[in-house]
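Colleague: Per numbering that gives the first Met the number 0, the sequence shown starts with residue 0, numbered consecutively. Glycine included, each C-beta is placed from N, C-alpha and C at the ideal position.
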Amino acid sequence: MKPHIWLLKLVLVSIVVLGIPVGGVMAFNYYIDPLWNFDHSHEYNDFQRGHNERIQKTNWINSHHFDFDSLMIGTSRTTYINASNFEERVFHYGLSSLHITEYLDYMQYAQSKNPKDFETIYMELTVRSHDLFYSPEFSSAETFFSQSEDSFYPVTSLFSKDTYDRAKFNYDISKNNYAGIPRTYDRNLEVTTSYVGKDIGERIEFFKNQLTERDANGPEWIYDPNYRGYLEEIKAAFPHSNFVVFTDLMPAERLQLTIGHPQIQPTYKQYITDIVEVFGTVYSFHQYNDVTRNHANFFDLYHFYPPVGDLVAKELQKREPSELLYVVTKDNIDEYFTQLGI
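(1) Buried or exposed for Ser139, going by 16 or more other Cβ atoms inside 10 Å?
(2) Taking contact to mean 3 or more Cβ pairs, one atom from each stretch, closer than 8 Å, check whether the segment 61-73 and the segment 113-121 are in contact.
(3) Express the C-alpha separation of Ile332 and Asn288 in angstroms, rounding to a whole number.
(4) How long is the line joining the alpha carbons of Leu324 and Pro224, rounded to whole angstroms?
(5) Exposed or buried, what is Tyr177 when buried is set at 16 or more other beta-carbons lying within 10 Å of its beta-carbon?
(6) Mark Thr155 as exposed unless 16 or more other C-beta atoms lie within 10 angstroms of its C-beta, in which case mark it buried.
(7) Tell me which residues share the same chain as Gln316 and place their Cβ nearer than 6 Å to its Cβ, disregarding the 5 neighbours each side in the sequence.
(8) With the cut-off set at 9 Å, would you say Asp185 and Gln47 are in Cβ contact?
(9) May I ask you to report which of helix, strand or coil DSSP gives His294?
(10) Assess, as a yes-or-no matter, whether the segment 117-127 is touched by the segment 228-247 under the definition of 3 or more beta carbon pairs within less than 8 Å.
(11) Quickly, what does DSSP pair Arg48 with across the bridge? List them, please.
(12) So Leu256 is in the alpha helix (DSSP H); what residue range does that whole segment cover?
(13) Mind pulling the alpha helix (DSSP H) runs of 4 or more residues that sit fully within the segment 47-91?
(14) Which residue from Val195, Leu157 and Pro320 puts its Cα closest to that of Trp35?
(15) I believe Arg165 touches Pro33 by the beta-carbon criterion, under 8 Å. Please report the beta-carbon distance rounded to the nearest angstrom.
(16) From the DSSP output, read off the bridge partner residues of Tyr121.
(17) So, helix, strand or coil for Thr191, using DSSP?
(18) Report all residues from its chain with a CB closer than 8 Å to the CB of Ile203; omit the five preceding and five following residues, and keep chain order.
(19) Under the DSSP definition of a beta bridge, which residues are partnered with Tyr282?
(20) Quick check on Asn175: buried or exposed, where buried means 16 or more other Cβ atoms within 10 Å of its Cβ?
(21) Going along the chain, which residues of its own chain have a beta-carbon closer than 7 Å to the beta-carbon of Lys8, five neighbours each way excluded?
(22) List the endpoints of the continuous alpha helix (DSSP H) containing Ile233.
(23) Buried or exposed for Thr125, going by 16 or more other Cβ atoms inside 10 Å?
(24) Comparing C-alpha positions only, which one of Thr162, Phe137 and Tyr270 sits nearest to Ile221?
(25) Entirely within the segment 93-142 and at least 4 residues each: give me those alpha helix (DSSP H) ranges in chain order.
(26) Quick one: what does DSSP say Phe303 is sitting in, helix, strand or coil?
(27) Could you tell me the alpha carbon to alpha carbon distance between Asn187 and Tyr30, rounded to whole angstroms?
(28) Rounded to a whole number of angstroms, what is the C-alpha to C-alpha distance between Pro218 and His260?
(29) Tell me the DSSP bridge mates of Thr170?
(30) Should Val195 go down as buried or exposed, given a rule of 16 or more other Cβ atoms within 10 Å for buried?
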């Protein structure tokens, strides 16, 4: 056999031998689509783990017809407020550990893809969003935007073992219709969970120790001097949108430990005051009631179960004072602080 013929046959055999498994992996990754680069759905990809919502939800924007009435932005806490609870079409850009300095980038990105101005922007600002101690945990938003918009990315990502591992996990939980993890999405970004957290009483004791340790070892409790500026910049960027700014609903004991802390009280008051002065109103779920006192409504000190998210969505649409919601304005801000005992 001539050498060049032998070499040609070797190359062809290698392509077949290597190509079949590689092609199979790529096909499987496409079929399950754990990165949300495509828009197909079926019974084996209807449970999807949110491993990095910054890239996943950005991919979702770029792989679907994007036309929404309103926007929701906030931390992972908001992901349990499913958009299907709203009468209008709401795109939910809830992102784990979202930092105050990241809000505007993701909000403007979503607006750039929407054919019209968002009528309403539901924006969560947590009780610690003003704390100078916290810093962003993820790469800059532009990193994820550029990656998602790379025309080769949907294909090249199919070659990845990491993508395969995530696809296999999603396939297994979809097949079993059970995940046992804190958060799973369906293909419409609706969240469910079958996760059973640790005892809330134990978490409260841990939280107490965290506060004590920070008091002893620092850093000091410092209000971010740029916080109000961030809020003003966000509002100015969306002059045609109605802002519904709301606080994070949490277990009553955590709320009491937080706002009862003598070093936190001044920063808490400044946080609420700044929101009210910039946006006119803050819809506060920082209340003591049957929902926040019931440990069964939470799987940790920060996240409630989706049925509670359903209640939050209803309150955000009614926007009227209730047992669950305090509507704080310039006219009643002092009464608000008084009824919280601060």
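Modeller: Per the coordinate set shown:
(1) Taking the first residue of the sequence shown as position 1, residue 139 is located at position 140. Flag for Ser139 reads exposed.
(2) Yes: at least three Cβ pairs fall under 8 Å.
(3) Within the sequence shown, numbered from 1, the residue matching residue 288 stands at position 289. Within the sequence shown, numbered from 1, the residue matching residue 332 stands at position 333. If you take the alpha carbons of Asn288 and Ile332, they lie about 19 Å apart.
(4) For the purposes of this step, residue 324 is identified with residue 325 of the sequence shown, where counting begins at 1. For the purposes of this step, residue 224 is identified with residue 225 of the sequence shown, where counting begins at 1. So the two alpha carbons sit approximately 28 Å from each other.
(5) Translated into the one-based positions of the sequence shown, residue 177 becomes position 178. Within a 10 Å sphere around the beta-carbon of Tyr177 sit fewer than 16 other beta-carbons, which makes this residue exposed.
(6) Taking the first residue of the sequence shown as 1, we reach residue 155 at position 156. Flag for Thr155 reads exposed.
(7) The residue you call residue 316 lines up with position 317 of the sequence shown. In its chain, beyond the 5 residues on either side, no residue has a beta carbon closer than 6 Å to the beta carbon of Gln316.
(8) Position 186 of the sequence shown, counted from the start, is the residue given in the question as residue 185. Position 48 of the sequence shown, counted from the start, is the residue given in the question as residue 47. Yes; because the gap between Cβ atoms is below 9 Å, this pair is in contact.
(9) One-based indexing of the sequence shown puts residue 294 at position 295. Of the three classes helix, strand and coil, the one that applies to His294 here is helix, per DSSP.
(10) Verdict: yes, contact present.
(11) As a working note, residue 48 is residue 49 in the sequence shown. DSSP, once it has assigned bridges, lists Thr183 as partnering Arg48.
(12) Taking the sequence shown and counting its residues from 1, the one referred to as residue 256 is at position 257. Run containing Leu256: Ala251 to Ile258, per the alpha helix (DSSP H) assignment.
(13) Listed in chain order, the complete alpha helix (DSSP H) runs (minimum 4 residues) inside the segment 47-91 are 52-62.
(14) The residue you call residue 35 lines up with position 36 of the sequence shown. Trp35 has its Cα closest to that of Leu157, out of Val195, Leu157 and Pro320.
(15) Numbered from 1 along the sequence shown, position 166 holds the residue referred to as residue 165. Numbered from 1 along the sequence shown, position 34 holds the residue referred to as residue 33. The Cβ separation is near 4 Å, so the contact holds.
(16) Taking the sequence shown and counting its residues from 1, one reaches residue 121 at position 122. Met71 and Val243.
(17) Working through the sequence shown from its first residue, we reach residue 191 at position 192. Three-state DSSP puts Thr191 in a strand.
(18) The residue labelled residue 203 in the question sits at position 204 within the sequence shown. Closer than 8 Å at Cβ, skipping near neighbours: Pro250, Glu252, Arg253, Leu256 and Leu300.
(19) Mapped onto the sequence shown, residue 282 falls at position 283. Under the DSSP definition of a beta bridge, Tyr282 partners with Phe245 and Val326.
(20) Position 176 of the sequence shown, counting from 1, holds the residue named residue 175. When all chains shown are included, Asn175 counts as exposed.
(21) The count along the sequence shown starts at 1 and reaches residue 8 at position 9. Here the model assigns Lys8 a pLDDT of 45, short of 50, so the residue's position is not dependable, and the following value carries that caveat. No residues qualify anywhere along the chain.
(22) Here residue 233 is taken as the residue at index 234 of the sequence shown, counted from 1. Where Ile233 is concerned, the enclosing alpha helix (DSSP H) stretches over Tyr226 to Ala236.
(23) Mapped onto the sequence shown, residue 125 falls at position 126. Looking at its Cβ environment, which holds 16 or more other Cβ atoms inside 10 Å, Thr125 is buried.
(24) Counting from 1 along the sequence shown, the entry for residue 221 is found at position 222. Ranking Thr162, Phe137 and Tyr270 by Cα distance to Ile221 puts Tyr270 first.
(25) Runs of the alpha helix (DSSP H) inside the segment 93-142: 102-112.
(26) Residue 303 sits at position 304 when you count from the first residue of the sequence shown. Three-state result, Phe303: strand.
(27) Working through the sequence shown from its first residue, we reach residue 187 at position 188. Working through the sequence shown from its first residue, we reach residue 30 at position 31. Going from the Cα of Asn187 to the Cα of Tyr30 covers about 16 Å.
(28) The residue given as residue 218 occupies position 219 in the sequence shown. The residue given as residue 260 occupies position 261 in the sequence shown. Near 15 Å, if we compare the C-alpha coordinates of His260 and Pro218.
(29) On the sequence shown, position 171 is the one that residue 170 refers to. Note that residue 170 is Tyr in the sequence shown, not Thr. None; Tyr170 has no bridge partner.
(30) Locating residue 195 in the sequence shown gives position 196, counting from the first residue. Counting C-beta atoms within 10 angstroms of its own C-beta, Val195 has fewer than 16 neighbours from the protein chains shown and is therefore classed as exposed.
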